[in-house]
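Peer 1:
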Amino acid sequence: MEDVATVQTGLALGPNHVSDPVELPYLRVANVQDGHFDLREIKTVRVERTRVDRYRIQTGDVLLTEGGDFDKLGRGHIWRGEIPDCLHQNHIFVVRTNAELIMPELLAAIASGPYGRAYFLSCSKQSTNLASINSTQLKDMPLPVPPRCEQDAIVRVLRDFDDAVNRTDDLIDASGVRLRGLMQQLLTGRRRLPAFADQLWEEVHIGDLLREVERYVEWSDDECYRLVSIRRRSGGFFDREQKFGRDILTKTLKATRADDFVLARMQILHGAMTVTPPEFDGAHVSDSYLTFVPSDEDTLHMPFFGWLSKTKLMYHKAYTSSYGVALEKMTFYLPWWLKERVYIPRSIDEQRVIADVLDTAQREIDLLKHLRDQIQRQKRGLMQKLLTGEILVPGAKKEETQRELG
7 MEDVATVQTG
17 LALGPNHVSD
27 PVELPYLRVA
37 NVQDGHFDLR
47 EIKTVRVERT
57 RVDRYRIQTG
67 DVLLTEGGDF
77 DKLGRGHIWR
87 GEIPDCLHQN
97 HIFVVRTNAE
107 LIMPELLAAI
117 ASGPYGRAYF
127 LSCSKQSTNL
137 ASINSTQLKD
147 MPLPVPPRCE
157 QDAIVRVLRD
167 FDDAVNRTDD
177 LIDASGVRLR
187 GLMQQLLTGR
197 RRLPAFADQL
207 WEEVHIGDLL
217 REVERYVEWS
227 DDECYRLVSI
237 RRRSGGFFDR
247 EQKFGRDILT
257 KTLKATRADD
267 FVLARMQILH
277 GAMTVTPPEF
287 DGAHVSDSYL
297 TFVPSDEDTL
307 HMPFFGWLSK
317 TKLMYHKAYT
327 SSYGVALEKM
337 TFYLPWWLKE
347 RVYIPRSIDE
357 QRVIADVLDT
367 AQREIDLLKH
377 LRDQIQRQKR
387 GLMQKLLTGE
397 ILVPGAKKEE
407 TQRELG
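Note that the sequence shown covers residues 7 to 412 in this note's numbering.
(1) Mark T71 as exposed unless 16 or more other C-beta atoms lie within 10 angstroms of its C-beta, in which case mark it buried.
(2) Kindly identify the DSSP beta-bridge partner or partners of L373.
(3) Write down every uninterrupted run of the beta strand (DSSP E) in the region 169-255 whose length is 3 residues or greater and which is fully enclosed by it, in chain order.
(4) Could you tell me the alpha carbon to alpha carbon distance between E406 and D158, rounded to whole angstroms?
(5) Grouping DSSP H, G and I as helix and E and B as strand, with all else coil, what is E54?
(6) State the start and end residues of the unbroken alpha helix (DSSP H) segment that holds I116.
(7) Let me confirm a value: G122 is counted as buried when at least 16 other C-beta atoms fall within 10 Å, else exposed. Which label applies?
(8) Which whole-angstrom value is the C-beta distance of V299 and V219, which I expect to be below 8 Å?
(9) Note down, in chain order, each residue of its chain lying with its Cβ closer than 7 Å to the Cβ of A261, except the 5 sequence neighbours on either side.
(10) Would the region 180-198 count as touching the region 360-371 if we require 3 or more Cβ pairs under 8 Å?
(11) On the premise that F267 lies in contact with F310, defined as a C-beta separation below 8 Å, what is that separation, rounded to the nearest angstrom?
(12) Would you mind giving the Cβ-Cβ distance between L193 and T317, rounded to the nearest angstrom? I have them listed as a contact below 8 Å.
(13) Given this structure, state the Cα-to-Cα distance separating L199 from A180, to the nearest angstrom.
(14) Tell whether a beta-carbon distance below 9 Å holds between V163 and L388.
(15) For G312, report the span of its alpha helix (DSSP H) as first-last.
(16) Out of curiosity, what's the CA-to-CA distance linking L19 and T50?
(17) Is the distance from the Cβ of L340 to the Cβ of S327 below 9 Å?
(18) Quick one: is L45 buried, meaning 16 or more other Cβ sit within 10 Å of its Cβ, or exposed?
(19) Out of curiosity, what's the CA-to-CA distance linking V151 and I116?
(20) From what residue to what residue does the alpha helix (DSSP H) around M279 run?
(21) How many angstroms separate the CA atom of Y325 from the CA atom of A114?
(22) Quick one: residues in its chain with C-beta nearer than 6 Å to the C-beta of D91, no 5 flanking neighbours on either side, listed in chain order?
(23) Rounded C-beta distance between I381 and V171? I'm assuming under 8 Å.
(24) What did DSSP end up calling G82 once you bin it into helix, strand or coil?
(25) Can you tell me whether K391 is helix, strand or coil according to DSSP?
(26) By the DSSP assignment, the alpha helix (DSSP H) with H322 in it spans what residues?
(27) Would you kindly check if the distance between the Cβ of G251 and the Cβ of E5 is under 9 Å?
(28) Nearest to L393 by alpha carbon, out of Y329, P153, S292, L233?
(29) What number of angstroms, rounded off, separates the C-alpha of G275 from the C-alpha of H322?
(30) Label L216 either buried or exposed according to how many other C-beta atoms from any shown protein chain fall within 10 Å of its C-beta, with 16 as the threshold for buried.
(31) On a CA-only basis, which of G16, R34, T56, L374 is nearest V28? Give me that one, please.
(32) To the nearest angstrom, report how far apart L296 and E8 are at their CA atoms.
(33) Looking only at C-alpha atoms, which of G277, A361, K345 sits nearest to W313?
(34) For H23, which residues does DSSP report across the bridge?
(35) If you reduce the DSSP assignment to three classes, tell me which class A361 lands in.
(36) For V10 and V399, what's the separation of their Cα atoms in angstroms?
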């Protein structure tokens, strides 16, 4: 890589006492995602004025992270000057290409594709679930460099794929706004469905709607348990791992069933609560998780309550049902939460229809995300064939043999 680009290391954060300081925005690892930037939260740093140019990001720079999860190692994107005078932290590499030798779009695609990922994993320093690379390894990375005319053609194809991804992302964002609007209207009774316009809503205690159940497993060291957890911010269940009982230290697990309402007592202040979907039926959760079923199945449709649990109001009720000083150290107190009131349709049929409407809106988002992932996979597969010369972009002429540069 160092034959066609320079690798710039970032600013190490240190004491705020600097001479002739200037305060500027800087990018952290959290801001650099795979194929895009997350610029919703940008922090600033005080740095000596004479050092600004050393760490300033320029338009066309390729930003790559030095470490993270195995599947995120070397993730990055091309900087388009989104924020003026922006610097970068020392955990982010800036790769500045010699445009006469390699286009930044091509280098970014190589780094994020199967070829780049394989190289980063082969030379990275690895620990449990984490990996990192250093600037020397990045500079030594061999790069397949096609002739410039082929690069132009390849980049045009990549831009077409990126445009398709961006348009799909716009649709995902618009669908997300629509879903949030439907939740605000339908889950509060502000907007009524025509068939239920004359039906009543009522305030009820959560404890009158839900009944706690405890399905402790009958332990066996020879049994393989599917261990799952709940993501924060109503992110639902995810698989952690599968282990035999003999390999698990704390031998108390609970089984969850489809349509249970489950909350993670230690993480509920961060929105870790959800309804168990069918694909997680029979999975196993920690003893610290609380599981509920409807007190009366003719009164509560659990998927409706699952949608209700995703609202800011329910997050607030979890907060007011906890005690302590610091957020991370607050303790959730179940009896307080069960005494909280929620406003719901008296008709379970109306609850069911509302949940169906919101489920349909969510499925639309899920389908769009799947489409975006398919486009990105197709792009990576095509990129691999273009760089190896297996296929040639129509209109591109093969002027010389592809070079491989370090």
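Quick reminder that beta carbons are idealized off the backbone N, C-alpha and C, glycines included.
None of these values were measured; they are calculated from a predicted model.
Peer 2: So, to answer that:
(1) buried
(2) In DSSP, L373 forms no bridge with anything.
(3) 207-211, 216-219, 230-236, 243-250
(4) For E406, the pLDDT reaches just 47, beneath the cut-off of 50, and the residue's location in the model is therefore unreliable, although a value from the coordinates is still provided. The alpha-carbon atoms of E406 and D158 are separated by roughly 15 Å.
(5) strand
(6) 110-118
(7) buried
(8) 6 Å
(9) R221, V223, G288, H290
(10) yes
(11) Not confirmed; about 11 Å, so no contact.
(12) 6 Å
(13) 22 Å
(14) yes
(15) 308-314
(16) 11 Å
(17) yes
(18) exposed
(19) 10 Å
(20) No alpha helix (DSSP H) holds M279; the beta strand (DSSP E) holding it covers 279-281.
(21) 43 Å
(22) L30
(23) 5 Å
(24) strand
(25) helix
(26) 318-326
(27) No answer is possible for residue 5: the residues shown for the chain start at 7 and end at 412.
(28) P153
(29) The residue you asked about is not Gly; residue 275 is Leu in the sequence shown. Computed Cα separation, rounded: 8 Å.
(30) buried
(31) T56
(32) 55 Å
(33) A361
(34) Note: H23 sits in no beta bridge, so no partner.
(35) helix
(36) 23 Å
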